[in-house]
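Counting along the first sequence from 1, when you hit position 50 you're at 49 in numbering that gives the first Met the number 0, and nothing is skipped either side. All C-beta atoms in this analysis are idealised placements derived from N, C-alpha and C, irrespective of residue type, glycine included. Beneath this line is the structure, given in structure tokens, with notes to follow.
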Amino acid sequence: MPDNISSPKKSKNFIYEIIDEDLKTNKWSGRVHTRFPPEPNGYLHIGHAKSICLNYGIAKDYNGKFNLRFDDTNPTKEEKEYVDSIIEDVKWLGADFEDRVLYASDYFEQMYDYAVQLIKKGKAYVDDLDNETMREYRGTVTQPGKESPFRNRTVEENLYLFERMRNGEFNDGEKVLRAKIDMSSPNMLLRDPVMYRIIHASHHRTGNEWCIYPTYDWAHGLEDSIEGITHSICTLEFEVHRPLYDWFLDQLEIYHPQQIEFARLNLSYTVMSKRKLLELVEKRIVDGWDDPRMPTISGFRRRGYTPESIWNFSELVGVAKRDALTDISLLEYAIREDLNKNAQRVMAVINPIKVVITNYPEGQTEFLEAVNNPEKPESGKRQITFSREVFIEKDDFMENPPKGYHRLVPGGEVRLKYAYIIKCEEIIKDNSGNIIELRCTYDPETRSGGPSTKKVKGTIHWVNSKDSLDAQVRLYDRLFTIENPGAEENWLDYINPYSLKIINNAKVEPFLKSVKPLDKFQFERLGYFCLDYKYSNENNLVFNRTVTLKDSWNAKK
RNA sequence: UGCCGGAUCGUCUAACGGUAGGACAGCGGCCUUUGGAGCCGUAUGUAGAGGUUCGAAUCCUCUUCCGGCAGCCA
Numbered sequence: 000m001p002d003n004i005s006s007p008k009k010s011k012n013f014i015y016e017i018i019d020e021d022l023k024t025n026k027w028s029g030r031v032h033t034r035f036p037p038e039p040n041g042y043l044h045i046g047h048a049k050s051i052c053l054n055y056g057i058a059k060d061y062n063g064k065f066n067l068r069f070d071d072t073n074p075t076k077e078e079k080e081y082v083d084s085i086i087e088d089v090k091w092l093g094a095d096f097e098d099r100v101l102y103a104s105d106y107f108e109q110m111y112d113y114a115v116q117l118i119k120k121g122k123a124y125v126d127d128l129d130n131e132t133m134r135e136y137r138g139t140v141t142q143p144g145k146e147s148p149f150r151n152r153t154v155e156e157n158l159y160l161f162e163r164m165r166n167g168e169f170n171d172g173e174k175v176l177r178a179k180i181d182m183s184s185p186n187m188l189l190r191d192p193v194m195y196r197i198i199h200a201s202h203h204r205t206g207n208e209w210c211i212y213p214t215y216d217w218a219h220g221l222e223d224s225i226e227g228i229t230h231s232i233c234t235l236e237f238e239v240h241r242p243l244y245d246w247f248l249d250q251l252e253i254y255h256p257q258q259i260e261f262a263r264l265n266l267s268y269t270v271m272s273k274r275k276l277l278e279l280v281e282k283r284i285v286d287g288w289d290d291p292r293m294p295t296i297s298g299f300r301r302r303g304y305t306p307e308s309i310w311n312f313s314e315l316v317g318v319a320k321r322d323a324l325t326d327i328s329l330l331e332y333a334i335r336e337d338l339n340k341n342a343q344r345v346m347a348v349i350n351p352i353k354v355v356i357t358n359y360p361e362g363q364t365e366f367l368e369a370v371n372n373p374e375k376p377e378s379g380k381r382q383i384t385f386s387r388e389v390f391i392e393k394d395d396f397m398e399n400p401p402k403g404y405h406r407l408v409p410g411g412e413v414r415l416k417y418a419y420i421i422k423c424e425e426i427i428k429d430n431s432g433n434i435i436e437l438r439c440t441y442d443p444e445t446r447s448g449g450p451s452t453k454k455v456k457g458t459i460h461w462v463n464s465k466d467s468l469d470a471q472v473r474l475y476d477r478l479f480t481i482e483n484p485g486a487e488e489n490w491l492d493y494i495n496p497y498s499l500k501i502i503n504n505a506k507v508e509p510f511l512k513s514v515k516p517l518d519k520f521q522f523e524r525l526g527y528f529c530l531d532y533k534y535s536n537e538n539n540l541v542f543n544r545t546v547t548l549k550d551s552w553n554a555k556k
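In structure tokens:
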């Protein structure tokens, strides 16, 4: 985790308890070595972030090591672009893998040798059954399978055939190498699982060097073993794979890490499977993997989330073995907490309406002081300007206000933050009855910081019409309309059509003239925003709303 | 229907035979030049039935419900 956040007090989850016990019994000679092993077939999402935080957090807490390892065993699904994005995301999160960016593909030769060993022990064989027949032979969850007619080939024949597989003498699907275990095992994974399949495809790292590729079950334990991993932490769906993980390593009699499973993260109102995320990207429902509505790490980054907030969130959700659906509000809490403490405050009006202060001298401009961050006095103050015409938020005026409305109303008073108390004297409407301008008067005695003790119920934000900048603002809402879209067959039917709202005529204070991509701000009373790196440029400011402020008034209505 | 897991406030998560606690969300109040933040207060939970025990969320039995496994994906 980044050094600037303190290691949070974690109530020990069950994995920490296992490690504590291992340390006590000296099972791994005092070592702790974890890894994060993504397949480079997509961008990382917040669920991966939880795993990264868990694995790296363990390494850090126990003075151990943490590897980033690409499980690149299937060239048909993997791409260099994904490798690059994953490295970027893991680095951004601050999980320090030092110089250990590792690849399963670097172990292909060694894995091949191990496979030869298994064949020689009579524990693996080349099978000619085609895909469909093999499935039939596997049986079902309630019925045992039956053995392949090729199961009892001699060691010599298997060795010969396996070498020919490697040499490219067969077509895709023509032959596989299988472990010889038990076709009637109640655990389907143990019914002679495939170790190698023939794929004549170019691999993003090994090119055409190989045409046989190891399967997950064969490869993963070997990768962990080769790297000296102590605790191989994965998600619950691999629980039934553990006996197989153990079987391979036991047969080979090589270094044997311990696989531990935990429940993957699910977040409400979004989907988390790579397949579904890919579909959202390919169908252009979102604007790429880093669309700010995506639950990807790059999406959250572009949205304005900080690594610290994701770390904190990851601590808050905890680690256990039961399936869970975590409410998105917990993530929002984590980012608000961070940004409240750290974000520069600034005034911006998203939905402007012009206010003319009729008793304020024309042509006059005065300077006022605004606080940069009330949570951080050391961040100081800045100057803002005030003059006769300002913009306020349309929502901050109501002609016929409901009970409890604290803002500007006809004949009522409200404070313009850091400036004066104004009173609404007149409403100007166009021909169709839309309010286009408010005429107000100000009370010169009430300048902010002055001696006046006059109090009003409401304080609203504003910008000076003279020097405000135009900006585009992008407001995001949840991508789906239901809590758990991933559980639905027709999950795409639940896309929220209003998940992105683009506002083009926002006005922001000139302080935002020279901001950099991803710079983070609180627009007072509106929420946290950051500069979008994709659409923002010199002449066109574009801000993404990271999250709203909590709004107890809106919530009440 | 076979095997493997799992079930604690609305949500997430603690409690390891000895007062069911925390966080988020909610509600109420105080405070406030952000209806933000902060502070204070508050409601809500051990899936069910038996058993062991002085004492059970925790151990045992049965039941119910949920998840995973029948890719040459990971």
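**OP:** Going by DSSP, name the residue or residues bridged to P351.
**Re:** As a working mapping, residue 351 is identified with position 352 in the first sequence. The bridge partners DSSP lists for P351 are E392.
**OP:** Give the straight-line distance between the Cα atoms of Y113 and L248, rounded to the nearest whole angstrom.
**Re:** Here residue 113 refers to the residue found at position 114 when the first sequence is read from its first residue. Here residue 248 refers to the residue found at position 249 when the first sequence is read from its first residue. Whole-angstrom Cα-Cα distance: 10 Å.
Original post:
Taking just the CA atoms, how far does L189 sit from H219?
Top reply: As a working mapping, residue 219 is identified with position 220 in the first sequence. As a working mapping, residue 189 is identified with position 190 in the first sequence. Taking the straight line from one Cα to the other gives about 16 Å.
**OP:** Apply the 10 Å Cβ neighbour rule to S431 and answer buried if 16 or more other Cβ atoms are within range, or exposed otherwise.
**Re:** If you number the first sequence from 1, residue 431 lands on position 432. Classification for S431: exposed.
Subject >> CA-to-CA distance, Y497 to S184, given in whole angstroms >> reply: Sequence index remark: in the first sequence, residue 184 carries index 185 (1-based). Sequence index remark: in the first sequence, residue 497 carries index 498 (1-based). Computed Cα separation, rounded: 51 Å.
**OP:** Jot down the residue ranges of each uninterrupted beta strand (DSSP E) in the region 220-294, minimum 3 residues, whole runs only, in chain order.
**Re:** Runs of the beta strand (DSSP E) spanning 3 or more residues and lying entirely within the region 220-294 occur at 230-234, 257-261, in chain order.
Subject >> Limits of the alpha helix (DSSP H) - the one that C52 falls within >> reply: For the purposes of this step, residue 52 is taken as the residue at position 53 of the first sequence. For C52, the enclosing alpha helix (DSSP H) stretches over residues 45-60.
Original post:
Using CA coordinates, which residue listed in Y55, D394, V89 is at the minimum distance from L437?
Top reply: Locating residue 437 in the first sequence gives position 438, where the first residue counts as 1. Of the candidates Y55, D394, V89, the one whose C-alpha sits nearest the C-alpha of L437 is D394.
Subject >> Backbone CA spacing between G448 and V455 [nearest angstrom] >> reply: For the purposes of this step, residue 448 is taken as the residue at position 449 of the first sequence. For the purposes of this step, residue 455 is taken as the residue at position 456 of the first sequence. Approximately 15 Å between the Cα atoms of the pair.
**OP:** With DSSP as the reference, label I481 as helix, strand or coil.
**Re:** For this step, residue 481 is matched to residue 482 along the first sequence. Look at I481 here: in three-state DSSP terms it is coil, with no helix or strand label.
Original post:
Mind checking whether V348 and R387 have CB atoms under 8 Å apart?
Top reply: Translated into positions along the first sequence, residue 348 becomes position 349. Translated into positions along the first sequence, residue 387 becomes position 388. No; because the gap between Cβ atoms is not below 8 Å, this pair is not in contact.
Original post:
In chain order, which continuous runs of the beta strand (DSSP E) of length 3 or greater are located wholly inside the region 78-161?
Top reply: DSSP assignment within the region 78-161 yields the following whole beta strand (DSSP E) runs of 3 residues or more, N-terminal first: 100-102, 123-126.
Original post:
Is the region 256-267 in contact with the region 229-245, if contact means three or more CB pairs nearer than 8 Å?
Top reply: Taking one beta carbon from each stretch, the region 256-267 and the region 229-245 have 3 or more pairs nearer than 8 Å; the two touch.
**OP:** Drop a sphere of 10 angstroms on the beta-carbon of Q521, count the other beta-carbons inside from all chains shown, and report buried for 16 or more, exposed for fewer.
**Re:** The sequence position of residue 521 within the first sequence is 522, counting from 1. Classification of Q521: buried, given that the 10 Å Cβ count is 16 or more.
Original post:
Going by Cα to Cα distance, which pick from P36, E78, G121 is closest to V100?
Top reply: Here residue 100 refers to the residue found at position 101 when the first sequence is read from its first residue. Closest option to V100, judged by alpha-carbon separation, among P36, E78, G121: P36.
Original post:
What does L540 pair with, by DSSP beta-bridge criteria?
Top reply: Along the first sequence, one-based indexing puts residue 540 at 541. Here L540 is bridged, per DSSP, to A470.
Original post:
Are T72 and T214 closer than 8 Å when you measure CB to CB?
Top reply: Counting from 1 along the first sequence, the entry for residue 72 is found at position 73. Counting from 1 along the first sequence, the entry for residue 214 is found at position 215. If you check the CB distance, T72 and T214 come in under 8 Å.
Subject >> Inter-residue spacing [alpha-carbon to alpha-carbon] between E523 and P509 >> reply: The sequence position of residue 523 within the first sequence is 524, counting from 1. The sequence position of residue 509 within the first sequence is 510, counting from 1. Approximately 15 Å between the Cα atoms of the pair.
Original post:
By the 10 Å Cβ neighbour count, where 16 or more other Cβ atoms means buried, how is P7 classified, buried or exposed?
Top reply: Indexing the first sequence from 1 puts residue 7 at position 8. Note on P7: pLDDT 36, under 50, position unreliable in the model; no value is reported.
Original post:
Nearest-angstrom Cα distance between H230 and V472?
Top reply: Counted from its first residue, the first sequence places residue 230 at position 231. Counted from its first residue, the first sequence places residue 472 at position 473. Cα atoms of H230 and V472: separation of roughly 46 Å, rounded to the nearest angstrom.
Subject >> Beta-carbon proximity check, V175 vs G121, cutoff 8 Å >> reply: Here residue 175 refers to the residue found at position 176 of the first sequence. Here residue 121 refers to the residue found at position 122 of the first sequence. Not in contact: V175 and G121 (Cβ atoms no closer than 8 Å).
**OP:** Compare the beta carbon distance of V507 and G526 with 8 Å and say whether it is the shorter of the two.
**Re:** Here residue 507 is taken as the residue at index 508 of the first sequence, counted from 1. Here residue 526 is taken as the residue at index 527 of the first sequence, counted from 1. The answer is no: Cβ separation not under 8 Å.
**OP:** Would you check if the distance between the CB atom of P400 and the CB atom of V408 is smaller than 8 Å?
**Re:** Position 401 of the first sequence holds residue 400. Position 409 of the first sequence holds residue 408. The answer is yes: Cβ separation under 8 Å.
Original post:
How big is the Cα-Cα spacing for F69 and D105?
Top reply: Along the first sequence, one-based indexing puts residue 69 at 70. Along the first sequence, one-based indexing puts residue 105 at 106. Cα-Cα distance, rounded: 10 Å.
**OP:** Could you say if the region 31-49 and the region 309-317 meet the contact criterion of at least three C-beta pairs nearer than 8 Å?
**Re:** Three or more beta-carbon pairs separated by less than 8 Å link the region 31-49 to the region 309-317, which places the two stretches in contact.
**OP:** May I have the straight-line CA-CA distance separating M133 from P516, to the nearest angstrom?
**Re:** Counting from one through the first sequence, the residue named residue 133 turns up at place 134. Counting from one through the first sequence, the residue named residue 516 turns up at place 517. Approximately 54 Å between the Cα atoms of the pair.
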